[in-house]
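>
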Amino acid sequence: MTVLDLKSGSLSLRVSSKGGLVLGFWKETQGESVPLLRAAPSSEADALSSACYPLVPFGNRVRDNGFVFEGEEYRFEPNTEWDKHYLHGEGWQADWTIDRQTDEMVEMSFAHRGGSTPYVYRASQRFALDASGLTMTLTVENRGDRAMPFGLGWHPYFPMTPKTTLQARSQKFWTEVEGWLPGERTDIPTDLDFRQPAELPHRWVNNGFEGWDGRATISWPERQTALRLEAEPLFKHAFVFVSDTGFDPSFKRDYFCFEPMTHLADGHHLADLGDLKVLAPHESLSGSVRLRPEAI
């Protein structure tokens, strides 16, 4: 495992080759270090206690751990002890190799074949820090011998203070059913309408948002700081997660997740693949998200 610290101006970033994780992202303001992502508790943190982890070769779950594509049936095996589904791909559990690094940039990659998934691929991440923000780029290449549907995403954890607000415009909402799976496409509920800045509801939230416009703003008025997310058009969807003490007894309402994704959850079972991208052998899919802090 390699842990690297990047710095540019007042911004600093810590990343780990274990899971391809971000362990922290901060801005120095008047001698104070303001967290822009939830800081991991240690350099040896796993993905679930990290600041952000990658979703590759796709994010979320596939109903019944199987799907049919181009006449072939494919199966998955669970990759955690607590979820019966194969979850979020391999990136968040893989050992990544550091390919290139400078004081402000790091590139890492890993290759996968076999195991709990029929996917064969190579994934890479690039973290580039400059004085005004962080650009994260995720790429996946199909290294199998047949076409397969791929997707990309990230699972960032954002600090949540009592006055935190989220602004993000989407077109539709997906309900949740048993097994943490998507249910049906509906109108966005009032307490999850983030077209204007709004606080996160005081309840369990684990839902997909369809037709996200690729822009989001998270504001922490107590810290006089906001963070703007700007995603490439490939990222048409997002997931919002707010835990509760039923799922996590240690939850203190101190974080939430806003997850940019190129596709809908369980897209393998949707007629249009939920915007999963079919990659022929040796074809690649790549996309970037920029995180830019500003004073408020």
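Numbered according to numbering that gives the first Met the number 0, the sequence shown spans residues 0 to 295.
Beta carbons are placed, not taken as given, at the ideal position from N, Cα and C, and that holds for glycine.
Everything numeric in this text was worked out from a predicted model, so none of it was measured.
#1: By DSSP, does W179 sit in helix, in strand, or in coil?
#2: Per DSSP, which one or two residues make a beta bridge with V67?
#3: Using a threshold of 7 angstroms, state whether the C-beta atoms of P56 and Q124 are closer than that.
#4: Could you tell me which whole alpha helix (DSSP H) segments of length 4 or greater appear in the stretch 63-151?
#5: Let me know the secondary structure DSSP gives L275 once reduced to three states.
#6: With DSSP as the reference, label D190 as helix, strand or coil.
#7: Alpha carbons only, please: which of A294, G266, H281, L284 is nearest the one belonging to F66?
#8: If you draw a straight line from the C-alpha of L5 to the C-alpha of E231, how long is it?
#9: By Cβ distance, which residues of its chain are closer than 6 angstroms to G90, with the 5 residues on each side in sequence left out?
#10: Of the residues P220, G113, S131, A127, which one's Cα is nearest the Cα of R99?
#11: So, for P200: in the same chain, excluding its five sequence neighbours on each side, which residues have a beta-carbon less than 8 angstroms away from its beta-carbon?
#12: L10 by DSSP, collapsed to three states: which one?
#13: Can you name, in chain order, every residue of its own chain whose Cβ lies under 6 angstroms from the Cβ of C32, other than the five neighbours on each side?
#14: Suppose contacts are defined by Cβ-Cβ distances below 7 angstroms. Is S169 in contact with G210 by that definition?
#15: Between the stretch 253-266 and the stretch 111-121, do three or more beta carbon pairs fall short of 8 angstroms?
#16: Under the rule that 16 or more other beta-carbon atoms within 10 Å means buried, what is L86, buried or exposed?
#17: Of all the options L3, T96, S48, M135, which has the alpha carbon lying nearest to the alpha carbon of R291?
#18: Report the partner residues of F240 according to the DSSP bridge assignment.
#19: Between which residues of its own chain and S7 is the CB-CB distance below 6 angstroms, once the five residues before and five after are set aside?
#20: If you follow the beta strand (DSSP E) that I217 is part of, which residue opens it and which one closes it?
#21: I'd like to know whether the C-beta atoms of F149 and K276 end up nearer to each other than 7 angstroms.
#22: Quick check on the burial criterion: 16 or more other C-beta atoms within 10 angstroms. Buried or exposed for G178?
#23: Find the nearest neighbour of Y118 within the set N141, L137, M107, judged by alpha-carbon distance.
#24: Would you say P158 and R252 are within 7 angstroms of each other, going by their C-beta atoms?
Let me lay it out:
#1: Start at 1 with the first residue of the sequence shown, and residue 179 comes out as number 180. Coil, per DSSP.
#2: In the sequence shown, residue 67 corresponds to position 68, counting from 1. V67 is bridged to E72.
#3: Your numbering for residue 56 matches position 57 in the sequence shown. Your numbering for residue 124 matches position 125 in the sequence shown. It is not a contact, given that the beta carbons lie outside the stated cut-off.
#4: none
#5: Residue mapping note: residue 275 aligns to position 276 of the sequence shown, counting from 1. Here L275 sits in coil by DSSP.
#6: Your numbering for residue 190 matches position 191 in the sequence shown. The answer is helix: DSSP assigns D190 an H, G or I state.
#7: Here residue 66 refers to the residue found at position 67 when the sequence shown is read from its first residue. Ranking A294, G266, H281, L284 by Cα distance to F66 puts G266 first.
#8: Taking the sequence shown and counting its residues from 1, the one referred to as residue 5 is at position 6. Taking the sequence shown and counting its residues from 1, the one referred to as residue 231 is at position 232. Between L5 and E231, the C-alpha separation is close to 23 angstroms.
#9: Within the sequence shown, residue 90 is the residue found at index 91, counting from 1. Excluding residues within five positions, the ones whose Cβ falls inside 6 angstroms are G19, P53, V55, A122.
#10: On the sequence shown, residue 99 is found 100 positions in, with the first residue counted as 1. Answer by Cα proximity: A127.
#11: Taking the sequence shown and counting its residues from 1, the one referred to as residue 200 is at position 201. Contacts found: D190, L191, V241.
#12: The residue given as residue 10 occupies position 11 in the sequence shown. In the structure shown, L10 sits in a strand (DSSP, three-state: E or B).
#13: The residue given as residue 32 occupies position 33 in the sequence shown. According to the sequence as given, residue 32 is Ser; it is not Cys. These residues qualify, in order along the chain: W25.
#14: Looking up residue 169 in the sequence shown gives position 170. Looking up residue 210 in the sequence shown gives position 211. It is a contact, given that the beta carbons lie within the stated cut-off.
#15: Short answer: they don't touch.
#16: Along the sequence shown, read from residue 1 onward, the residue named residue 86 stands at position 87. When all chains shown are included, L86 counts as buried.
#17: As a working mapping, residue 291 is identified with position 292 in the sequence shown. Nearest C-alpha to R291: M135.
#18: Residue 240 sits at position 241 when you count from the first residue of the sequence shown. In the DSSP output, where bridge partners are listed per residue, F240 has N205, C256.
#19: Here residue 7 is taken as the residue at index 8 of the sequence shown, counted from 1. Within the same chain, S7 has close Cβ partners E103, L128, D129, A130.
#20: Position 218 of the sequence shown holds residue 217. Taken as a continuous stretch (DSSP letters only), the beta strand (DSSP E) holding I217 covers 214-219.
#21: As a first step, residue 149 must be located in the sequence shown, where it is residue number 150. As a first step, residue 276 must be located in the sequence shown, where it is residue number 277. If you check the CB distance, F149 and K276 come in under 7 angstroms.
#22: Here the question's residue 178 lines up with position 179 in the sequence shown. Classification for G178: exposed.
#23: Taking the first residue of the sequence shown as position 1, residue 118 is located at position 119. Residue N141 is the option with its Cα nearest to Y118.
#24: As a working mapping, residue 158 is identified with position 159 in the sequence shown. As a working mapping, residue 252 is identified with position 253 in the sequence shown. Cβ distance not < 7 angstroms, so P158 and R252 don't count as in contact.
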